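Asker: Encoded as structure tokens, here's the structure I'll be asking about.
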Amino acid sequence: MPKEHKRRRHAHHQPLGKEIDEDNKTYKEVKTRKEEKPKDESYIPSDLSRKILNIAHDQQMEIKEDDMDQEANTEQDFHFKVPTAEDEDDMDDLSSDEGEVEEFIKDYHIEEEDDKALNMFFAPDNREKQNLADLILQKIYAKEAQLNPTPTSQLDEKVIKVYTSVGKILHFYRAGKLPKAFKIIPSLSNWEEILWITEPQNWSPQAMFAATRIFASNLNAKLAQRFYSSVLLPAVLDNIQQYKKLNYHYYQSLKKAMYKPAAFFKGILLPLCEGECTLKEAIIVSSVVAKVSIPMAHSAAALLKLTQLPYSGAVSLFMMVLLNKKYSLPYVVIDALVDYFRMFDSDDRELPVLWQQSLLTFVQRYKTELTSEQKEMLKPVLKKHFHHQITPEIRRELFTTSCRGEKVKEMDVESFWCVCSKQKRKRGRR
152 MPKEHKRRRH AHHQPLGKEI DEDNKTYKEV KTRKEEKPKD ESYIPSDLSR KILNIAHDQQ
212 MEIKEDDMDQ EANTEQDFHF KVPTAEDEDD MDDLSSDEGE VEEFIKDYHI EEEDDKALNM
272 FFAPDNREKQ NLADLILQKI YAKEAQLNPT PTSQLDEKVI KVYTSVGKIL HFYRAGKLPK
332 AFKIIPSLSN WEEILWITEP QNWSPQAMFA ATRIFASNLN AKLAQRFYSS VLLPAVLDNI
392 QQYKKLNYHY YQSLKKAMYK PAAFFKGILL PLCEGECTLK EAIIVSSVVA KVSIPMAHSA
452 AALLKLTQLP YSGAVSLFMM VLLNKKYSLP YVVIDALVDY FRMFDSDDRE LPVLWQQSLL
512 TFVQRYKTEL TSEQKEMLKP VLKKHFHHQI TPEIRRELFT TSCRGEKVKE MDVESFWCVC
572 SKQKRKRGRR
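So for the sequence shown, the working numbering puts the first residue at 152; every next one is plus one.
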């Protein structure tokens, strides 16, 4: 490297400001490049414009080919992957207690003598039932006749083809994600007609549970009631009639249907009580009501409606389950229950033990909410329909407790504390 030359030292010192300026100066000044003026881009060379036109022409040809092949490729959008272990998150709500229905049924042991009397109030098991498809068709045609007196237009062939393939998927469905075309059915105006194309009578129990979750959460109470009564209830009854017990996934579907209590009572419970219902069907459905929490207002409305129906074994069973929930019922419902049991004074039939148990449950839960006049009204009923074990218990509950409107005697409590204080004083003197 070349030898650095030493700076010459001045004999006289320069002013301090100049020395600082000289030190701050750089030895080489950096030249700044002048920005080039942008070229005129408005002009496009002929070669480039020819390429752009060729690419645009190719894109238009591809769009035309896609439009021509759209009908052939419609079904490709609905091919779904095989469910994996990660897709089983939709089934988290299912518990592992598959024997809960059998445990509930074991609590209801009926003797042979009572079984004969009880069969008078239940429909026989070998009755003829309509298929699920017939019931759905009847619902659809009746609704269409009300809304549209003129015949409606037919569905598009593409829609029918798509939802027919969705129905085939639901027939073999076990776990995983559902087709997107099925999830949008609740948002359609003609969802009942679209639902019939998927053939709900051929769905697997797992598909019925998944469908109940979708329709219960996306439909309002009025529309959910139509789904329960036309799709879910016939499938449950067919399964009980075929296997003499209810499939676990159908049982979970009933529990999920309680997400809309008003729709459940109007679409499942009340139709069972109004129509032909066997003892096993009533026990299974009532076990769902017993295990799921229900708002008090809906339970009170259901009890009020049950008191207006003619007597059957299913009415007594559902009434007993709802009374066992121990809700603080309005006086209107309690008075209606008293009038309901009082009407059996003129009934000459031999009532089953199930009726006696429902009356005992009512008295045990609401004995203090009855007036003295209402308790006197029930005496002739107890005398006419006497049971050697249950009736004495009903009498003991009724006539050994206070009535509605009576004040609780507080003098006994005050006298008790006075006696206790006197005893403490005597002990202190000793």
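By construction, the Cβ of each residue, glycine as well, lies at the ideal position given by its N, Cα and C atoms.
On a predicted model such as this, the values are computed, not experimentally measured, just so you know.
For a minimum of 4 consecutive residues, which ranges assigned as the alpha helix (DSSP H) are wholly contained in the stretch 311–362?
Answerer: For the stretch 311–362, whole alpha helix (DSSP H) runs of length 4 or above, ordered along the chain, are 331–334, 342–348.
Asker: In chain order, what residues of the same chain have a beta carbon less than 8 Å from the beta carbon of S247, not counting five sequence neighbours either side?
Answerer: Low local confidence applies: a pLDDT of 43 at S247 is under 50, so the model's placement there is unreliable, and no value is given.
Asker: Checking 8 Å against the spacing of the C-beta atoms, do L549 and L529 come in under that value?
Answerer: The answer is yes: Cβ separation under 8 Å.
Asker: If the criterion is Cβ atoms closer than 8 Å, does the pair Y517 and I485 meet it?
Answerer: Result yes, Cβ atoms of Y517 and I485 sit closer than 8 Å.
Asker: I'd like the list of long-range same chain contacts for Q507, defined as Cβ closer than 6 Å, with 5 residues on each side in sequence excluded.
Answerer: Around Q507: H538, I541.
Asker: Mapping DSSP to helix, strand and coil, what is Q507?
Answerer: In the structure shown, Q507 sits in a helix (DSSP, three-state: H, G or I).
Asker: Can you list the alpha helix (DSSP H) stretches of 4 or more residues lying completely in the stretch 449–487, in chain order?
Answerer: Listed in chain order, they are 464–474.
Asker: Between T458 and K535, what straight-line distance do the alpha-carbon atoms span, to the nearest angstrom?
Answerer: T458 and K535: Cα-Cα distance of roughly 20 Å.
Asker: Kindly indicate which three-state DSSP category Q305 falls into: helix, strand or coil?
Answerer: Correct three-state label for Q305: coil.
Asker: On the three-state DSSP scale, how would you describe S380?
Answerer: Residue state, collapsed to three classes: helix.
Asker: Below 8 Å, how does it come out for the stretch 446–458 and the stretch 395–403: are there three or more Cβ pairs, yes or no?
Answerer: Short answer: they don't touch.
Asker: Our contact map puts L321 next to W342 with C-beta atoms below 8 Å; I'd like the distance itself, whole angstroms only.
Answerer: Their Cβ separation, rounded to whole angstroms, is 15 Å, which puts L321 and W342 out of contact at 8 Å.
Asker: Return the first residue and the last residue of the alpha helix (DSSP H) that S497 is part of.
Answerer: Per DSSP, S497 belongs to no alpha helix (DSSP H) and is neither H nor E.
Asker: Applying the 10 Å Cβ sphere with the 16-neighbour rule, what's the burial state of Q210?
Answerer: Per the 10 Å Cβ criterion, exposed.
Asker: Taking only beta-carbon positions, decide if Y517 is within less than 8 Å of chain B.
Answerer: No chain B is present in this structure, which holds just one protein chain.
Asker: Taking the C-alpha atoms as reference points, what is the distance between Q515 and S368?
Answerer: Their Cα atoms are separated by approximately 37 Å.
Asker: I believe L521 touches R555 by the beta-carbon criterion, under 8 Å. Please report the beta-carbon distance rounded to the nearest angstrom.
Answerer: Contact flag correct, Cβ pair sits at about 6 Å.
Asker: Please state the DSSP three-state secondary structure of K169.
Answerer: Three-state DSSP puts K169 in a helix.
Asker: For G168, count neighbouring Cβ atoms within 10 angstroms of its own Cβ and tell me buried if that reaches 16, exposed if not.
Answerer: G168 should be labelled exposed.
Asker: Answer yes or no: do L420 and L454 have a C-beta to C-beta separation smaller than 8 Å?
Answerer: No. Outside cutoff.
Asker: Going by DSSP in three states, V514 sits in which element: helix, strand or coil?
Answerer: Note: V514 maps to helix in three-state DSSP.
Asker: Whole angstroms are fine: how far does the CA of D490 sit from the CA of P422?
Answerer: Cα to Cα, P422 sits roughly 23 Å from D490.
Asker: Spatial neighbours of Q392 within its chain, please: CB distance less than 6 Å, with the 5 preceding and 5 following residues excluded, ordered by chain position.
Answerer: So no residue of the chain qualifies.
Asker: Quick check on the burial criterion: 16 or more other C-beta atoms within 10 angstroms. Buried or exposed for G418?
Answerer: G418 should be labelled buried.
Asker: What is the rounded straight-line gap between the Cα of S523 and the Cα of L430?
Answerer: So the two alpha carbons sit approximately 35 Å from each other.
Asker: Excluding the 5 residues flanking K477 on each side, which residues of the same chain have their C-beta closer than 7 Å to its C-beta?
Answerer: Around K477: R516.
Asker: What is the DSSP secondary structure of I608, reduced to helix, strand or coil?
Answerer: Within the shown structure, residues of the chain are numbered from 152 to 581, placing residue 608 beyond reach of any answer.
Asker: Which value, in whole angstroms, describes the spacing of the CA atoms of K407 and L374?
Answerer: When rounded, the distance between both Cα atoms is 16 Å.
Asker: Can you tell me the Cα-Cα spacing of K202 and H208, whole angstroms?
Answerer: C-alpha separation (whole angstroms): 10 Å.
Asker: Applying the criterion that 16 or more other CB atoms from any shown protein chain within 10 Å of the CB defines a buried residue, is V233 buried or exposed?
Answerer: Note that V233 scores a pLDDT of 39, beneath 50, so its modelled location is shaky; the value from the coordinates is reported in the next line. By the 10 Å Cβ count, V233 comes out exposed.
Asker: Rounded to a whole number of angstroms, what is the C-alpha to C-alpha distance between S438 and D496?
Answerer: One C-alpha to the other measures close to 30 Å.
Asker: Closest to P412 by C-alpha separation, out of I434, E432, Y379, K396, would be which residue?
Answerer: Per the Cα distances, Y379.
Asker: Whole angstroms is fine: what's the gap from Q376's alpha carbon to E527's?
Answerer: Cα-Cα distance, rounded: 41 Å.
Asker: Look at the alpha carbon of V387 and the alpha carbon of L473, and state the distance between them as a whole number of angstroms.
Answerer: Computed Cα separation, rounded: 21 Å.
Asker: Which of helix, strand or coil does DSSP assign to K395?
Answerer: Three-state DSSP puts K395 in coil, outside helix and strand.
Asker: How about A441: is its Cβ closer than 7 Å to a heavy atom in the ligand MN?
Answerer: The ligand MN is absent from the structure shown, which contains no ligand whatsoever.
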